[in-house]
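The block underneath contains the structure these notes are about, expressed in structure tokens.
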Ligand code: NAD
Ligand code: UFG
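In the numbering used here, the protein residues as written are -13 to 337.
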């Protein structure tokens, strides 16, 4: 298939491009580079062994820019990563988050349908479950109250895409609810490159290990978890990338014509994408130190506002229906995160 990859220069997008090409697909990337660097795409091309990844610097809110891309290429599907994702920033700048993530997606979807491309995989998040009513979380777990505007953009966009699919059954919508992506490609050439002080645990750990920050603050050790620190479902980004390729099968004609499935069920697909294992903050720190032989000083800090105690999924549906399951474990995650950070202490060089 030829795939439009929005936000393809970012962390998950770059890893997904590799999996797409490995599986024989081709891709065109659009990205406004607001949180990414074109060097990442050059490195993806090197890893794949092609001269370059087709790339257009276009903002998904720019209707004319999108029209041009669709006039020049024919797409079988869109994998839609583009969006702002910093939880704390979204509390400071809610308008910017709603406008970029929701406004941008509305323009994208409108241009897609005008050009007859009605297959979309959307990057959703475990955050839409709020404080989940069941652990492990299945896809039937009700959506919850989000604690920040970023989370609400994901929750609302799920609703927008479901309603659009319902009104026009030609749409095939896949909502992938990611748990906590970490790790990096085994080459160490691409990885997560946060701006400023990392919000997320793994890039903070790697920046402490490489000497850019003095110590990790562990946000709370009085949660009702085995060691008191927060438990999450960390997933290797290469596994997450592979889940997108597996999800393309939702668009296969045979699948859409499956007898016995309701119209809605075959055209709207929702999957948790995690490993099903919950690890605490201290489990992650200890694994990182053990596998990589580096020191990660830490101290216990107060809880972070909006955090929940425990979040991990039951990924059985993705295995049963997509034939996808995570292959990498915690040791792979911490090893590959460290390789990327060690080889690129300051992230990507300027283009
Ligand atoms: P990322 O910031 O590395 O990648 C997102 C990309 O989108 C960036 O390259 C950015 O420049 C681009 N972008 C942002 N707004 C745009 C716009 N208006 N037009 C065009 N491009 C735009 O983030 P990521 O970690 O790769 O996440 C990809 C997607 O997955 C996002 O939608 C994110 O919300 C979602 N997600 C991420 C996580 C996570 O922990 N990383 C968890 C759940 C869901
Ligand atoms: N943590 C620390 N210290 C830090 C950073 C994090 O102790 O410096 C702890 C948190 O309190 C939490 C765990 O590490 O217990 C994971 O925190 P992250 O910030 O890495 O991840 P979250 O689970 O809070 O959220 C992430 C993304 C969200 C996404 C969610 C589910 O940031 O965007 O996973 O996919 F919605």
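Ideal Cβ placement from N, Cα and C applies to all residues, glycine included.
Here residue 126 is exposed: its Cβ has fewer than 16 other Cβ atoms, across all protein chains shown, within 10 Å.
Comparing alpha-carbon positions, the option among 35, 252, 143 and 270 lying closest to residue 190 turns out to be 270. Closer than 8 Å to some heavy atom of the ligand UFG: that describes the Cβ of residue 166.
Excluding sequence positions up to five before and after residue 41, its CB lies within less than 6 Å of the CB of 15 and 27, all in the same chain and listed in chain order. Beta-bridge partners assigned by DSSP to residue 66: -8 and 108. Remark: the C-beta of residue 111 is in contact range of the ligand UFG, defined as less than 8 Å to any heavy atom. Following the DSSP letters along the chain, one finds residue 26 inside the alpha helix (DSSP H) bounded by residues 24 to 34. Nearest to residue 202 by alpha-carbon distance, out of 208, 209, 210 and 192, is 192. A distance criterion of 8 Å places the beta-carbon of residue 288 beyond contact range of the ligand UFG, judged by its closest non-hydrogen atom. Boundaries around residue 323 are those of the alpha helix (DSSP H), 316 to 329, since no beta strand (DSSP E) includes it. Excluding its 5 nearest sequence neighbours in each direction, residue 197 has no C-beta neighbour in its own chain below 6 Å.
Looking only at -13, 9, 229 and 25, the smallest Cα-Cα distance to residue 176 is reached by 25. Note that the C-beta distance between residue 67 and residue -7 is below 9 Å. In the structure shown, the three-state DSSP call for residue 278 is helix. Non-local beta-carbon contacts of residue 143 in its own chain, meaning distances under 8 Å to residues more than five positions away in sequence, involve 87, 88, 91, 108 and 110 in chain order. Per DSSP, the beta bridge partners of residue 158 are 105.
With fewer than 16 other CB atoms across the displayed protein chains lying within 10 angstroms of its CB, residue 290 is exposed. By the Cβ criterion, the segment 261 to 281 is in contact with the segment 203 to 213, since at least three pairs of Cβ atoms, one from each stretch, lie closer than 8 Å. By DSSP's assignment, residue 297 forms a beta bridge with 218. When C-beta atoms of the segment 310 to 329 are compared with those of the segment 270 to 284, three or more pairs fall below 8 Å, so the two segments count as touching.
The criterion of a C-beta distance shorter than 9 Å is not satisfied by residue 134 and residue 166. Excluding five sequence positions before and after residue 103, the CB atoms of its chain that fall closer than 6 Å to its own CB belong to 61, given in chain order. A Cβ-Cβ separation of about 15 Å leaves residue 222 out of contact with residue 304 under the 8 Å criterion.
Counting along the chain, residue 203 sits inside the beta strand (DSSP E) bounded by residues 202 to 205. Using a cutoff of 8 Å, the CB of residue 293 counts as near the ligand UFG, since one of the ligand's heavy atoms is closer than that.
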